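Written out below as structure tokens is the structure these notes cover.
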Amino acid sequence: MELTTLTYLFVGTTFALYIGIAIWARASTTSEFYVAGKGIHPVANGMATAADWMSAASFISMAGLIAFNGYGASVFLMGWTGGYVLLALLLAPYLRKFGKFTVPEFIGERYYSRTARIVAVICLILASITYVIGQMKGIGVAFSRFLETDYDTGLYIGMGIVFIYSVLGGMKGITYTQIAQYCVLIFAYTVPAVFISLNITGNPIPQLGILSTMADGNTYMMDKLNLVVSELGFNEYTTQVMGSKLNMFAYTLTLMIGTAGLPHVIIRFFTVPKVKDARATAGWALVFIAILYTTAPAVGSMARLNLMNTIQTGPVGEVTANIEYEKRPQWFKNWESTGLLKFEDKNGDGRIQYYNDKNKDFAAKAESFGWKGNEMVKVDRDIMVLANPEIANLPNWVIALVVAGGLAAALSTAAGLLLAIASSISHDLLKGIFRPDISEREELMAGRIAMAGAIAMAGYFGLHPPDFAAGTVAIAFGLAASSIFPALMMGIFNKKVNRTGAVAGMITGISITMLYVFQHKGIMFIPGTSFLGDMSPNWFFGISPNAFGCVGALANFAVAIGVSKMTAPVPDHIQHLVEDIRVPAGAGAASDH
Amino acid sequence: MMFDALFGYNYTRRKLLKKTNSTVMQEFLSNPFPNKKELITNINIVSLDFETTGLDIKKDRVISIGTVNIEHLGINLESSSHQLINANKKLPESSVVIHQITDTQLTDAMSIEVALPILLKKLSGKTMLAHNAKIELGFINKMCQELYGSNFIIPVIDTQYLAQRSLERQNKISKSKELRLFNLRKSYNMPAYKAHNALMDAIATAELFLAMITKISPGNKACLRDFLS
Amino acid sequence: MEIELIEIRDFIALYPPFDVLDENALNTLPKKLTIRYFRKGSAFPDLTLNNRNLYIIRTGAVELRNQQEQLVDKLSEGDIFLAENVDDKTSNVIKGVCAEDTLVYLLSYEDLLLLQNEFDDFDRQFNFSVNERLRHAVELSHSADMRDLSAMKLKVSELTDRQPVIVDAVTTIQESAILMTNEYVSSILVTNNGKLVGLLTDKDIRTRCVAKGLGYNEPVSSIMSTHLETVLDKTLLSEALLLMTRNKIHHLPVMKDDEAIGILTTSDVVRHLSANPTLIATDIYKANSVDALKKISARLPELQLQLSLSSSTAKHIGEVFSSITDAITCRLLELAENLYGKAPVEYVWAAGGSQARNEQTSHSDQDNALIISDELQPEDEKYFENLSDFVCDGLDACGYIYCPGEAMASNPLWRQPLKIWVKKFTHWIHSPEPKALMLSSIFFDLRPVYGTFSLFTELQNNVLKQTKNNEFFISHMVGNALTHQPPLGFFRNFVMVQDEKHKNTLDVKHRGVVPIVDIARVIALDNGIKATNTVDRLDAAFKCNALSAEMHGNLIDALEYIGSLRIRHQAKQIRAGLDADNYLPPEELSGLEKNHLKDSFSIIKTMQYFFESRYPSARIR
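Residue numbers (our numbering), protein chains in the order written: chain C, 90 to 682; chain B, 77 to 305; chain A, 102 to 722.
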């Protein structure tokens, strides 16, 4: 069957499935209590949580990042996994005990201050919108390929669909829908990986394939990849890092602690009523997340290998070893039409030369081959996962499946976030400050307008991408890490931090981080407005803007504690409240205070 | 009283006017009382209530006077007045409970020598209204005799008498309880006043009378004589 | 001013627009008034008065009619009416007739103008009052029957027509007796520092003083009844009657804002009792066996039919039926106590679900719970088991079938000492599992019916303390409240029930009434509101700003509208000899009614969307 038809079919079927499950789940609960609803099994719940957790960034971008950044991109793996564990162990139990789990509610109550609450809301909105940019980009990529249009059109269509999806409440909601989404998503991710792994290494399990020898049995796949990329002047795959060791560390830490503050993530820990089940759910979710995350390195490295092998068919330097542009494969043409892949015949030989022209040593060598610079002027890293099955010549239905999976991941996360943003703006800001007497209907309308505004904004930045999807998301985590996380931690673990301290800390943290990001990436990411180039020599201690969140967090901690020491102490009842949260749940609950 | 009525109160008034030397009494008696055949709507009535130290006219004293005027069947509250009287005598406890007037309040009150001429001026040429009027009449008469050596005369409407009469006309035996101001008002769906003082009772009596007029003469065509005791 | 006119001043100060006047203006106002009296049936206002006057109704009632003789307004106590100058022929003369003997205060137009000039607030209020009345008049002329006052609907305040006589606790018996004699009352209230502490009746003086040879100078506190049952002014007569018969008392102080405003006596009630549904309640208290109760409850469907024909509101019918269920429950408990003896320790029988919310219709399931004092000994457990079984079986025999979810006192889980209940609720609140949420309509809608109410109050205070502002718990409750959605499709079409038995009908209970009830419960728990009735909860929510004026009004209207259609549908079924259900075929509705019903559903939808967006996690189940 035609690929287009198949894609329509798969995307259509999966969406029909989600909607069907949503309707069925709602309808079946209308019965009376004597068919008492049983709790959802932790395994099922774990799947739903995993689906919620994995955004477009996880599904679409991570493998792409790994493909091009090699070992360095493992910060995303470590950061996001570590963040999940951190949240599950360090924050969730206490927030649950406190009875508040939306961050502004917690901060407003703990710091007994409306100002603190408002500052938290603003930080949260900034972080969330940044995060949505990443999702919008993923959606744009998926739609442009799916509908075979250019990326811009794909993004516009994606914006429209996200808006409708979010306003209708997002079919996320129902756990069963999310289970289905997880199934589609993981299937779409692993099936191509299995095929590719089989092709390249002969091992059907990608996690093992990446560590085994090539199908010809002589070299290890990793060695082969290292060889291929270094021959073309790229950094060696397995030793390539993102900046300095400190930067790697800071990057990982930022992603980890940033996770804690993002609303759509934190909510998941409170949808399970029983503490015991909540723990089991968190455990299972980790397992289901791990399935995708451990596959990602294999997908990334194999995709890179396939890409290189497609273009560079023989030994470097031989004229015929570079594929002729006219003979480029179908997938190349497909992605060219989206504008995410661009070829420019710089030396006019009709063949494609793809190499690292920034590497001075190799550039000189390339000159001698008659190469006039890297001719793959644009290879958007976000296309890697989606293009992977095509590159590997997998059957059309696998390609269609991946598109469906990507859309599932991106749509559910985007809808969840947009709903949270809408609620924050309409309830916390509008009703909380400007118009306390607003009616529910008006609040709802304001929420929808806010949602449309957020989508428009995210769409704008998606069209003028400051960075690839995961990179943008990293900034979101940085913003959350520098503002929300410290406020939460100190709220729980330091009863001496008062409202003035918390507000000063949050403002300092997010300001420093934003300033640093803007300084290097341009004000509001507008190209040309940066003070300093986004280059490692200009970085503070060699820490990249994406990784700077943890520095902001440190500043936040320092300022908050310092200011608290100098200003009025925390009222007694709040101190008791904080002490109370740390008593294990259940221990003191039944006693009468 | 019946005797007075028989001979006509204006006849008695003129007789008393000739006899008295008191200027207060002369002033009071010089204004003619309204004609019995006058329409009730046109009669100026003064509703009057006393609070006393007891019901024995010989021994007890008036301790407060409440009055309010009825003009054209409307109670004019602007004319309302309440005057405490210094009785120069310690109040017995039982009446304190009922009237809630304490001795201390009485000390800023007027003596009866000052208060009575004021009251007589108000009543001059008018018709007097009271509930169980013989108490009020008895006290005024006694005080006039003591202070001015003259008897007192005025056309009188008594709401208790009117109520009793109407019950008797329906061949019902009237119980004293039913004839109490409070219970009569209740039977006319009138509000219960909490306060128990001379002015509120005067007003309450006036309101009751307005209600009775509408019952006795629905078209307001009745004359004064239809109501006189 | 003459302090003696204080009563007139106080009366006027109660009502708009005069309530905005300052102390000084109020004090001088009575002197400017004239009092007039209008006999029932006489013309109003008095056309013989040539001046324009403002009429203030002191007592009585006036019906105002327009030139087409249509009733446009009814004036009663505290209402004002500006009588136009009779010479002014152009004015739209509204004529009135006194429906009752009416006492009015007149304020001359000149004095009115002075007040309007001097007090801006008064001027605004005055114009507002006049406009308000006009609007009201329009509404009145549209609605069919506003003066239907069956005895069941009467509030006790409408029966207590005089101020209670009050004495201080230190007053002697003799002084009190004199006062009672003078005031011609058979009972007086006793207060201590303004707080109501007791009630003294003729009988108390006879039995506790005279018969015992107690001195007449002892304080009344030594002989008064201190075990006081009171009712609120807005309590329904039917409920007050239950309380009186249940406790075998003849006097009930009527309270308003913690102040006694009257005493309701049995003779007051008897006066108002003719042939009406309240008799059922009295019959219940005369019943001496379960069989007798069963016979009485067989009359309930008929009663529902009658009430729905008398254009009673759905809320009112719910109140009536719930109080009857209360009565049957109480009677059963009394019978059980007669059978098994007095309870070894204190307990309270609490009703759950629709009965607790005062929203029952003729026959519903029974939901109840027993809260026992913590002093419960293991050997007493058998007693409460017997008691609960007796009552639950009795209720079932009376048509209140056993709760399918086993939420009944006969189930040992629902018959626990207070401390276990506290633990249970704490667990439910901290682990709101689906099963617990399903039962929330029962256990978060509890109302004490019989026994020691303080046990219940303690539990309720504890529960509300834990639920108030508890985002975690509330979001789970919201999730549960969203399970029932109005049957309105994307294109404003009705979504019909599909199963064979009720094909092509609308489930107005689960998809109309229940969503509102659920939402009201969530708001109540979130804001620590104690009320159980849905309308009361919404009112309280509005008062504490948890609900906007717009949504408050809309939800109450929607609830009443859907409720009234449901009642009408059930009445139709009862008349046809069928069992009443909640499945409304749209054919029963006119085009306009369909539209109104859709409006009501879309109000619910908006509210649910709102809650969904407020608690995004609620959608995740």
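All C-beta atoms in this analysis are idealised placements derived from N, C-alpha and C, irrespective of residue type, glycine included.
The structure presented is a predicted model; accordingly, all values stated were derived computationally and were not measured.
Cβ of residue 255 of chain B less than 9 Å from any chain A Cβ? no
What residue from C:93, C:225, C:153 has the CA that sits closest to residue 541 of chain C's CA? C:225
C-beta neighbour in chain A for residue 356 of chain C, strict 9 Å: Closer than 9 Å: yes.
How long is the line joining the alpha carbons of residue 546 of chain C and residue 169 of chain C, rounded to whole angstroms? CA-CA distance, residue 546 of chain C to residue 169 of chain C, rounds to 25 Å.
Any idea what DSSP makes of residue 152 of chain B, helix, strand or coil? Strand at residue 152 of chain B.
Under a CB-based cut-off of 9 Å, is residue 353 of chain C close to chain A? yes
Check residue 109 of chain B in the structure and name its three-state DSSP category. coil
Measure the alpha-carbon distance for residue 143 of chain C versus residue 498 of chain C and round it to whole angstroms. The straight-line gap from Cα to Cα measures roughly 7 Å.
With three or more C-beta pairs closer than 8 Å as the rule, is the region 281 to 297 of chain B touching the region 93 to 105 of chain B? no
Starting from the Cα of residue 629 of chain A, find the closest Cα among A:574, A:570, A:598 and give me that residue. A:570
Please tell me whether residue 628 of chain A has its Cβ less than 9 Å away from any Cβ of chain C. no
Interface residues of the region 112 to 142 of chain A facing chain B [CB-CB below 7 Å]: When CB distances to chain B are screened at a threshold of 7 Å, the residues of the region 112 to 142 of chain A falling below it are 131, 132, 133, 134, 135, 136, 137, 138, 140, in chain order.
Per DSSP, what kind of secondary structure is residue 421 of chain C in: helix, strand or coil? helix
Tell whether a beta-carbon distance below 9 Å holds between residue 595 of chain A and residue 687 of chain A. yes
So which residues on chain A does residue 188 of chain C lean against when the C-beta distance must stay under 8 Å? 570, 571, 572, 573, 574
Flag residue 364 of chain C as yes if its beta-carbon sits less than 9 Å from any beta-carbon of chain A, otherwise no. yes
Do the region 376 to 392 of chain C and the region 356 to 365 of chain C meet, that is, are 3 or more Cβ pairs less than 8 Å apart? Touching, no.
Could you give the DSSP three-state label for residue 326 of chain A: helix, strand or coil? strand
Where does residue 85 of chain B sit, in a helix, a strand or coil, going by DSSP? helix
Residue ranges of each alpha helix (DSSP H) run of no fewer than 4 residues wholly in the region 427 to 465 of chain A, ordered along the chain? Listed in chain order, the complete alpha helix (DSSP H) runs (minimum 4 residues) inside the region 427 to 465 of chain A are 454 to 457.
For a contact defined as C-beta to C-beta under 9 Å, what are the partners of residue 603 of chain A on chain C? In chain order: nothing, as chain C lies at least about 12 Å away.
I want to see whether chain B comes within less than 9 Å of residue 161 of chain A, judged by CB atoms only; does it? yes
Residue closest to residue 480 of chain C, alpha-carbon to alpha-carbon, out of C:517, C:526, C:284, C:189: For the options C:517, C:526, C:284, C:189, the alpha carbon positioned closest to that of residue 480 of chain C is the one of C:284.
Could you please give me the residues that DSSP links to residue 354 of chain A through a beta bridge? A:364
Of the listed residues C:437, C:544, C:438, C:396, nearest to residue 424 of chain C (C-alpha basis): It is C:396 whose Cα lies nearest to the Cα of residue 424 of chain C.
Please classify residue 186 of chain C as buried or exposed, where buried requires at least 16 other C-beta atoms within 10 Å of its C-beta. That one is buried.
Alpha carbon of residue 106 of chain A to alpha carbon of residue 159 of chain A, nearest angstrom: 14 Å
For residue 452 of chain A versus residue 475 of chain A, is the C-beta distance shorter than 9 Å? no
Once the 5 residues before and after residue 248 of chain A are set aside, which same chain residues still bring their CB inside 6 Å of it? The predicted position of residue 248 of chain A is uncertain, since its pLDDT is 31 and thus under 50; a value taken from the coordinates is nonetheless stated next. Nothing listed; no residue qualifies.
Return the residues of the region 497 to 521 of chain C that lie within a Cβ-Cβ distance of less than 9 Å from chain A, sorted by chain order. 505, 508, 509, 511, 512, 515, 516
Buried or exposed: where does residue 660 of chain C fall if 16 or more other Cβ atoms within 10 Å of its Cβ makes it buried? exposed
Distance, Cα to Cα, residue 490 of chain A vs residue 386 of chain A? 20 Å
Does any C-beta atom of chain A lie closer than 9 Å to the C-beta of residue 679 of chain C? The predicted model places residue 679 of chain C with a pLDDT of 37, which falls under 50 and marks its position as unreliable, so this point remains unresolved.
Residues near residue 643 of chain A by beta carbon distance below 6 Å, same chain, minus five either side: 653
Please state the DSSP three-state secondary structure of residue 198 of chain C. helix
Does DSSP put residue 121 of chain B in a helix, in a strand, or in coil? strand
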